[in-house]
Amino acid sequence: MDLSRLEINRRTALLTSAAIAANVINPMRAFAQETPRKGGVFNVHYGAEQRQLNPSIQASTGVYIIGGKIQENLVDLDASGQPVGVLAESWEATPDGKTVTFKLRKGITWHDGKPFTSEDVAFTAMNMWKKILNYGSTLQLFLTAVDTPDPQTAIFRYERPMPLNLLLRALPDLGYVSAKHLYESGDIRQNPTNLAPVGTGPFKFVKYERGQYIIADRNPDYWRPNAPYLDRIVWKVITDRAAAAAQMEAGELHYSPFSGLTISDMARLGKDKRFIVSTKGNEGNARTNTIEFNFRRKELADIRVRRAIAHAINVPFFIENFLGDFAKLGTGPIPSTSTDFYPGPNTPQYPYDKAKAIALLDEAGFKASGGNRFSLKLLPAPWGEDISLWSTFIQQSLGEVGIQVDIVRNDGGGFLKQVYDDHAFDLATGWHQYRNDPAVSTTVWYRSGQPKGAPWTNQWGWEDKTVDKTIDDAATEVDPAKRKALYADFVKEVNTELPVWMPIEQIFVTVITAKARNHSNTPRWGSASWHDLWLSA
Amino acid sequence: MRILSLAGRRLAASIPTLFLILIGVFLLLQLAPGDTVDALMAQMGGGDAATAEALRKFYGLDLSVPAQLGNYLWHLVRLDLGFSSIYGKPVATVILERLPPTILLMTASLSFAFFFGLVFGVIASRGVNRWPDTMISTLGLIFYATPSFWFGLMAIVVFSVYLQWLPPGGFEDIGNVQTGIWHVLDIAAHLVLPTLTLGLIFLAIYLRIMRASMLEVLNLDFVRTARAKGLDETHVITRHVLRNALLPMVTLIGLQAGTMLGGSVVVESVFSLPGLGRLAYESVVQRDLNTLLGIVFVSALLVISVNFVVDLLYARLDPRIAAEG
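So the sequences go chain by chain: A and B. Residue numbering for the first sequence follows the numbering used here, beginning at 1 and increasing consecutively. Residue numbering for the second sequence follows the numbering used here, beginning at 1001 and increasing consecutively.
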């Protein structure tokens, strides 16, 4: 599924003389597609409406999918996953890591005609990234000032060393710039611009009809030459996944991002020539399925029980029979898509071994009386059908080794409150989102001292001084090689202690019309600006 | 005009009920774990504790529960429904925007169900236990037993994906916005499938009720008298039987106006219609208390006014009701 169907078609067409001969009859079909075509409307499935659209104050794919076409970031990731300048042309850091200087592109204007300058960057960084943006506020915690010696230079000053590779990998998501002149007065959260965003991007906001659609049109003054190709993007709000699949088939939608359809519909459309179904272009949005242990339960505080639970679950069987091609075996908190930090599979792993699981539980002193050793309450997150399937699988697997599991289902708000604030769980399962660098949203799952109530952080009642130290050292280590080594240690340590188990790796699935060109060409394409996207006739 | 004063008294009696319902919903939602900030965090994909605290203050959640409830009721007395946290707009505006699709859908499917329920019910009762009756009853049972989301999806697959006759969802064509009569027709085309989906289930109920009450009335003495007078069969049915058999149907409309609002959550989701049902669902998931209470308030008003109309209809159909008052 990873290979683009288009490429296969093109190669086959060129190599096979029969195909060429056949194409003589209809030459337009085979070759006209190579010249980018201007114009067209691109219809996008928008599954869950957000409260606002400005990516400078909210880091989530639901905002990027719209705001990321209208506003731009300082840097983005290129096809190979390396940082590439967007609003920033170049950057450099001082050796102590405390100063990072960005040179900005000249001649860029906001959609309302005002010039884009370093003042905008400084304002956004200090008032939005540092104060409001989720994950941004952690990343920029030690940012003290942004100096603007001239309109094209922004100098970020940090109290503690900021590793340049961390900053550059975080900024594609956490580095969207907003216009100072629109935000400098009043409460930023209440600013009406948040629902009618103004940016420097290839598409200009036109209209937002809540519950129905959002429209953005081509920006004729866009700074990249000849871009964008599309005339218009329409995001259609469709909350029912099955209905969205039907709309794809009816030709009313061109693209459903971030696994927006049901697993069975994605598999079905994957066999249809009109669509491309692939994980390509989502490598930057990797996630792992978790099992989170509550150490306040004495059974789970015993490392042998946690390991027994891991050994009792046949993960490859689950993946093969329930998730199919869209998932693979995970090896820890850093997924294999993270080329810069993946430590390889040679860290402590817990393959399926029922006998060993039973032996470990016996050894820990939890004997089966009447077939039942003890009972656990499992809280699955409501984000996706894979979590629901996975929680049932956990329940049945653990039942076989004498642990009775009761599943308690909640909606989103309820799940976060019960797990991360009330700690009213024994086991919890959901997604850990990996955001290109472990320091952005991964190490908080393990670092002790997280304030109660902060979602997706260490709320397990578990603390390990060694792990804390590794995490802290890596966060301020300026040398990329040393940082990578520290994160490899980190994975070894947490896979040994197992406060959270992350045995499945998943990448979001894209369903897109086969007519789209230049799609899925960066690791975070769903969030990218789509300046080069075009539709063949 | 005794009927009016009767209905007026009913209306006055429903105001305390309305307040009790609102307080009940408010307290029920307090029992649900998590507040609107937790829901927002879930949507954003995380954030630190300081952000959460700032947001709670922003949404006025740092007050105690009685204080929040008191605030809400005080605003409501002045007809202010408050501010929606997911929409960042006054709740009244949000609901007003969503009201037209819901009311359109509701009236269309209720009329559809009522009209065809009546016609099929009469046909079935005239041919009781013969083939028209068996066929209509079986069809009714199938409609009744089928979940509406499945009906909706199948309708989309058949009429939008394969036949491409009707749009698969949405309230209007976004691509080329029409004006005047074409705009009306465009909206109508978008509402055909949702109306049928929502209406079919109710149709099944109406036709069964109609059939049963026709059969009951047909056996009454006054029908025999009418026949004995030498009236022709059509006259007996339309003038004597139908009018009396309609009463249970009208009662049912009053009862189901409320159900229709709830039932449309599914239909609105499947057909991507921006109606009240979806708004209510979203407000629960997002713990947007003000919006949810606002919807309860407006729905209650709708149900009360529909029942008011039903009361008036009763009197029209059966003058005895007005006389006995």
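For glycine and all other residues, C-beta sits at the position ideal for the given N, C-alpha and C. Owing to the predicted nature of the structure, the values given are computational and were not obtained by experimental measurement.
query: Going by beta carbon distance, what residues of the same chain come within less than 7 Å of S529 of chain A, once the five residues before and after it are set aside?; result: G68, K69, E72, G201 and P202
query: Please go through the same chain and pick out, in chain order, the residues whose beta-carbon is closer than 7 Å to the beta-carbon of L166 of chain A, but skip the five residues on each side of it.; result: D437 and A439
query: Beta-carbon within less than 6 Å of V1309 of chain B's beta-carbon, same chain only, minus the 5 sequence neighbours each way: which residues are those?; result: none
query: Under 8 Å, with one C-beta from each stretch per pair, do the stretch 253-271 of chain A and the stretch 413-427 of chain A reach the 3-pair mark?; result: no
query: Would you mind working out which of A:N458, A:S56, A:W525 and A:A154 sits nearest G136 of chain A, comparing C-alpha positions?; result: A:S56
query: Cβ closer than 8 Å: which chain B residues qualify as neighbours of E119 of chain A?; result: Within chain B, no residue comes near E119 of chain A; the closest Cβ sits about 25 Å away, beyond 8 Å.
query: Which word fits N321 of chain A, buried or exposed, when buried means at least 16 other C-beta atoms lie within 10 angstroms of its C-beta?; result: exposed
query: For a contact meaning CB atoms closer than 7 Å, what does E249 of chain A contact in chain B?; result: V1161
query: Expressed to the nearest angstrom, what Euclidean distance is found between the alpha-carbon atoms of S441 of chain A and N134 of chain A?; result: 10 Å
query: Closer than 8 Å by beta-carbon distance: list the chain B residues that pair up with L195 of chain A, in chain order.; result: G1088
query: In angstroms, rounded to a whole number, what distance separates the CA positions of G251 of chain A and A514 of chain A?; result: 11 Å
query: Could you check whether the Cβ of F1297 of chain B sits closer than 9 Å to any Cβ belonging to chain A?; result: no
query: Give me, in chain order, the residues of the same chain whose beta-carbon lies closer than 6 Å to that of S1109 of chain B; leave out the 5 immediate sequence neighbours on both sides.; result: T1195, L1198 and G1199
query: Could you name each continuous alpha helix (DSSP H) segment of 4 residues or more that falls completely within the stretch 152-183 of chain A, going from the start of the chain to the end?; result: 164-174 and 180-183
query: In the DSSP output, which residue or residues are listed as bridge partners for T510 of chain A?; result: A:S278
query: Looking at the structure shown, is G85 of chain A part of a helix, part of a strand, or coil, going by DSSP?; result: strand
query: Using the rule of at least 16 other Cβ atoms within 10 Å of the residue's Cβ for burial, across every protein chain shown, is E292 of chain A buried or exposed?; result: buried
query: Identify, in the order they occur along the chain, each residue of the same chain with its Cβ nearer than 8 Å to the Cβ of M294 of chain A, setting aside the five sequence neighbours on each side.; result: Sequence inspection shows Asn at residue 294 of chain A; the Met mentioned does not correspond to that position. Contacts found: L300, H423, F425, D426, L427, A428, W460 and G461.
query: In angstroms with no decimal places, state the Cα-to-Cα distance between P161 of chain A and L139 of chain A.; result: 12 Å
query: Could you tell me the alpha carbon to alpha carbon distance between I188 of chain A and G449 of chain A, rounded to whole angstroms?; result: 30 Å
query: Output the distance between the C-alpha atoms of P1100 of chain B and R1208 of chain B, rounded to the nearest integer angstrom.; result: 30 Å
query: Our contact map puts P83 of chain A next to R517 of chain A with C-beta atoms below 8 Å; I'd like the distance itself, whole angstroms only.; result: Going by Cβ atoms, the distance from P83 of chain A to R517 of chain A rounds to 25 Å, so no, they are not a contact pair.
query: Determine the direct distance from the alpha carbon of L77 of chain A to that of G97 of chain A, and round the result to whole angstroms.; result: 21 Å
query: If we define contact as Cβ-Cβ less than 9 Å, is Q1030 of chain B a contact residue for chain A?; result: no
query: List the residues of chain B whose Cβ lies closer than 8 Å to the Cβ of A48 of chain A, in chain order.; result: Q1043
query: Are the CB atoms of L1166 of chain B and L1193 of chain B nearer to each other than 9 Å?; result: yes
query: Please confirm if R1098 of chain B has its CB atom under 9 Å from at least one CB of chain A.; result: yes
query: Helix, strand or coil, according to DSSP, for L1163 of chain B in the structure here?; result: coil
query: Which same chain residues end up closer than 6 Å to D302 of chain A when comparing Cβ atoms and leaving out the 5 residues on each side of it in sequence?; result: A364
query: Can you tell me whether Y1162 of chain B is buried or exposed, with buried defined as 16 or more other CB within 10 angstroms of its CB?; result: exposed
query: If you drop the 5 nearest sequence neighbours on each side, which residues of the same chain put their C-beta closer than 6 Å to that of D217 of chain A?; result: K204, V206 and R232
query: Pair every Cβ in the stretch 1281-1290 of chain B with every Cβ in the stretch 1121-1134 of chain B, then say whether three or more of these pairs are closer than 8 Å.; result: no
query: Would you report the Cα separation of Q1068 of chain B and L1061 of chain B, rounded to the nearest angstrom?; result: 8 Å
query: Residue range of the alpha helix (DSSP H) that N1071 of chain B falls in?; result: V1065 to V1077
query: Going along the chain, which unbroken runs of the alpha helix (DSSP H) with 4 or more residues stay wholly within the stretch 86-136 of chain A?; result: 118-124
query: Once the 5 residues before and after F1151 of chain B are set aside, which same chain residues still bring their CB inside 6 Å of it?; result: T1197
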